Amino acid sequence: MGLWLIAQKSSAGHCLPTLLCPGHGLYPVPLSFPGAVGAGEFVSPCESGDNLGEPSALEEQRGPLPLNKTLFLGYAFLLTMATTSDKLASRSKLPDGPTGSSEEEEEYLEIPPFNKQYTECQLRAGAGYILEDFNEAQCNTAYQCLLIADQHCRTRKYFLCLASGIPCVSHVWVHDSCHANQLQNYRNYLLPAGYSLEEQRILDWQPRENPFQNLKVLLVSDQQQNFLELWSEILMTGGAASVKQHHSSAHNKDIALGVFDVVVTDPSCPASVLKCAEALQLPVVSQEWVIQCLIVGERIGFKQHPKYKHDYVSH
Numbered sequence: 001m002g003l004w005l006i007a008q009k010s011s012a013g014h015c016l017p018t019l020l021c022p023g024h025g026l027y028p029v030p031l032s033f034p035g036a037v038g039a040g041e042f043v044s045p046c047e048s049g050d051n052l053g054e055p056s057a058l059e060e061q062r063g064p065l066p067l068n069k070t071l072f073l074g075y076a077f078l079l080t081m082a083t084t085s086d087k088l089a090s091r092s093k094l095p096d097g098p099t100g101s102s103e104e105e106e107e108y109l110e111i112p113p114f115n116k117q118y119t120e121c122q123l124r125a126g127a128g129y130i131l132e133d134f135n136e137a138q139c140n141t142a143y144q145c146l147l148i149a150d151q152h153c154r155t156r157k158y159f160l161c162l163a164s165g166i167p168c169v170s171h172v173w174v175h176d177s178c179h180a181n182q183l184q185n186y187r188n189y190l191l192p193a194g195y196s197l198e199e200q201r202i203l204d205w206q207p208r209e210n211p212f213q214n215l216k217v218l219l220v221s222d223q224q225q226n227f228l229e230l231w232s233e234i235l236m237t238g239g240a241a242s243v244k245q246h247h248s249s250a251h252n253k254d255i256a257l258g259v260f261d262v263v264v265t266d267p268s269c270p271a272s273v274l275k276c277a278e279a280l281q282l283p284v285v286s287q288e289w290v291i292q293c294l295i296v297g298e299r300i301g302f303k304q305h306p307k308y309k310h311d312y313v314s315h
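Be aware that the sequence shown starts at 1, since it is given in UniProt numbering, and climbs by one per residue.
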């Protein structure tokens, strides 16, 4: 049995499109989706898919629900998707440029469109377990935990999976497995880790663990959620020994910088912290340094690229 698109009345009396996934309940279809990155953010909060359309068209494009009701049994899944800026950046990295007509671009355009809700329904119909958020303990209890995405991207979930060694897999794997009604080898569908600034190319995903092993990090920013909390979680997941968060406006709090190996900060970093770090010859870097460590899969030099400077401004 396939998916059904039905109309439900909201409390206000409006008809809302709803996806009926047989055996798994109702999923409201959003009329619009967040796509833009808010001020001060670079990591996408966007975990939604595109509009669903007709069920028959969905199955043709994205594959049917699996006939094998235990197809994904034992697997736990995280889902994320690329932002508009991620997609534009990827297209600009194609060999012939953003308007090229290379084989790579043709292949890029032929990839089935990604719809997060539909993919979740396919995975659930095959007894897959969907993790709404990253949870290392739950990931470890599964036979295999995978992140499903449409391409390599700069989202929180993607970075956390790079940090913890969870394979990042294309949504095409779900599409092909459902079409064949047989689990395909996910290793043939691995997404890249990301774009390396130093090597100027997209790097393949490789098993990696603890790129920040034993590192003691001081985070300094005026952005609580989108910097201090975000990078604290990612650094600790990547094996850091300790991470201390310091809000840029907390001028009355003294920090013993001598106990840290590196300061990860942004342009809001107080001059007093910068001066002290310079006196101690303590490296001061931007969040891009953390990202590049995740992409490469190991700790890299602090001064290998201009974007690692905490106050770097693109021209």
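Ideal Cβ placement from N, Cα and C applies to all residues, glycine included. No experiment lies behind these values; they were computed from the predicted model shown.
query                                                                                                                                                                 : result
Please state whether the Cβ-Cβ distance between CYS161 and THR83 is less than 8 Å.                                                                                    : no
Less than 8 Å between the C-beta atoms of PRO167 and TYR195, yes or no?                                                                                               : no
Going by C-alpha distance, which of PRO64, ARG201, LEU218 and TYR129 is nearest ARG91?                                                                                : ARG201
Can you tell which of LEU197, ALA193 and GLU198 has the C-alpha that lies nearest to the C-alpha of TRP205?                                                           : ALA193
Within 10 Å of its beta-carbon, does LYS157 have 16 or more other beta-carbons around it, so buried, or fewer, so exposed?                                            : buried
For the alpha helix (DSSP H) that contains HIS175, what are its first and last residues?                                                                              : 172-180
To the nearest angstrom, how far is it from the Cα of ASP176 to the Cα of GLN184?                                                                                     : 7 Å
Keeping to the same chain, check which residues put their C-beta closer than 8 Å to that of ASN181; ignore five residues upstream and five downstream.                : PRO66, LEU67, ASN68 and LEU71
Return the chain-ordered list of same chain residues with a C-beta closer than 7 Å to the C-beta of SER268, the five sequence neighbours on each side being excluded. : SER221, ASP222 and SER248
Taking the alpha-carbon positions, what's the ALA127 to GLY74 distance?                                                                                               : 8 Å
Can you list, in chain order, the residues of its chain whose CB lies under 7 Å from that of PHE134, leaving out five sequence neighbours each side?                  : LEU78, LYS157 and LEU160
Leaving out five residues on either side along the sequence, give the residues of the same chain with a beta carbon under 6 Å from the beta carbon of SER170.         : TYR189 and LEU191
How about ASP150: is its C-beta nearer than 8 Å to some C-beta of chain C?                                                                                            : Reference to chain C is not applicable here, since this structure consists of a single protein chain.
Cα separation between LEU274 and LEU280?                                                                                                                              : 10 Å
Who are the Cβ neighbours of GLU209 in its own chain at under 8 Å, not counting the five residues just before and after it?                                           : SER164, GLY165 and GLY239
Taking all protein chains shown into account, decide if GLU198 is buried (16 or more other Cβ within 10 angstroms of its Cβ) or exposed.                              : exposed
Classify SER272: buried if its beta carbon has 16 or more other beta carbons within 10 angstroms, exposed otherwise.                                                  : exposed
From GLY97 to GLU233, what does the alpha carbon distance come to, in whole angstroms?                                                                                : Note on GLY97: pLDDT 45, under 50, position unreliable in the model; the coordinate value appears next. Using only the alpha carbons, I get a separation of about 35 Å.
Quick one: give me the first and last residue of the beta strand (DSSP E) that GLN138 is part of.                                                                     : Looking at the DSSP string, GLN138 is not in any beta strand (DSSP E); the run it does join, the alpha helix (DSSP H), is 136-141.
Tell me the DSSP secondary structure of ILE148 in three-state form.                                                                                                   : strand
Please report the straight-line C-alpha distance between residue 392 and THR155, rounded to a whole angstrom.                                                         : Examination of residue 392 is not possible in this model, given that the chain is present from 1 through 315 alone.
From the DSSP output, read off the bridge partner residues of TYR75.                                                                                                  : GLN144
Under 7 Å Cβ to Cβ from VAL284, same chain only, skipping five residues before and after it: list those, please.                                                      : VAL263, THR265, LEU274, ALA277 and HIS310
Got a sec, what are the start and stop residues for the alpha helix (DSSP H) VAL273 sits in?                                                                          : 271-279
Sort LEU257, HIS246, ASN214 and ASP254 by Cα distance to THR237 and report the nearest one.                                                                           : ASN214
My understanding is that GLN287 touches PHE227, with C-beta atoms under 8 Å, so please give their C-beta distance in whole angstroms.                                 : 7 Å
Given 7 Å as the limit, tell me if TRP205 has its C-beta closer than that to any heavy atom belonging to the ligand PLP.                                              : Looking at this structure, you won't find the ligand PLP or any other ligand, since it has none at all.
In whole angstroms, what is the alpha-carbon distance linking TRP231 and LEU219?                                                                                      : 8 Å
Helix, strand or coil for LEU31 per DSSP?                                                                                                                             : Interpretation of LEU31 is limited by its pLDDT of 33, a score under 50 that renders its predicted location unreliable; no figure is taken from the coordinates.
To the nearest angstrom, how far is the alpha carbon of TYR108 from that of LEU257?                                                                                   : Reliability of the predicted coordinates at TYR108 is poor, the pLDDT of 49 falling under 50, and the value obtained from them is presented with this limitation in mind. Cα to Cα, TYR108 sits roughly 47 Å from LEU257.
Who are the Cβ neighbours of ALA89 in its own chain at under 8 Å, not counting the five residues just before and after it?                                            : TYR195
Would the beta-carbon of residue 318 fall within 8 Å of that of LEU235?                                                                                               : Residue 318 is absent from the model: the chain starts at 1 and stops at 315.
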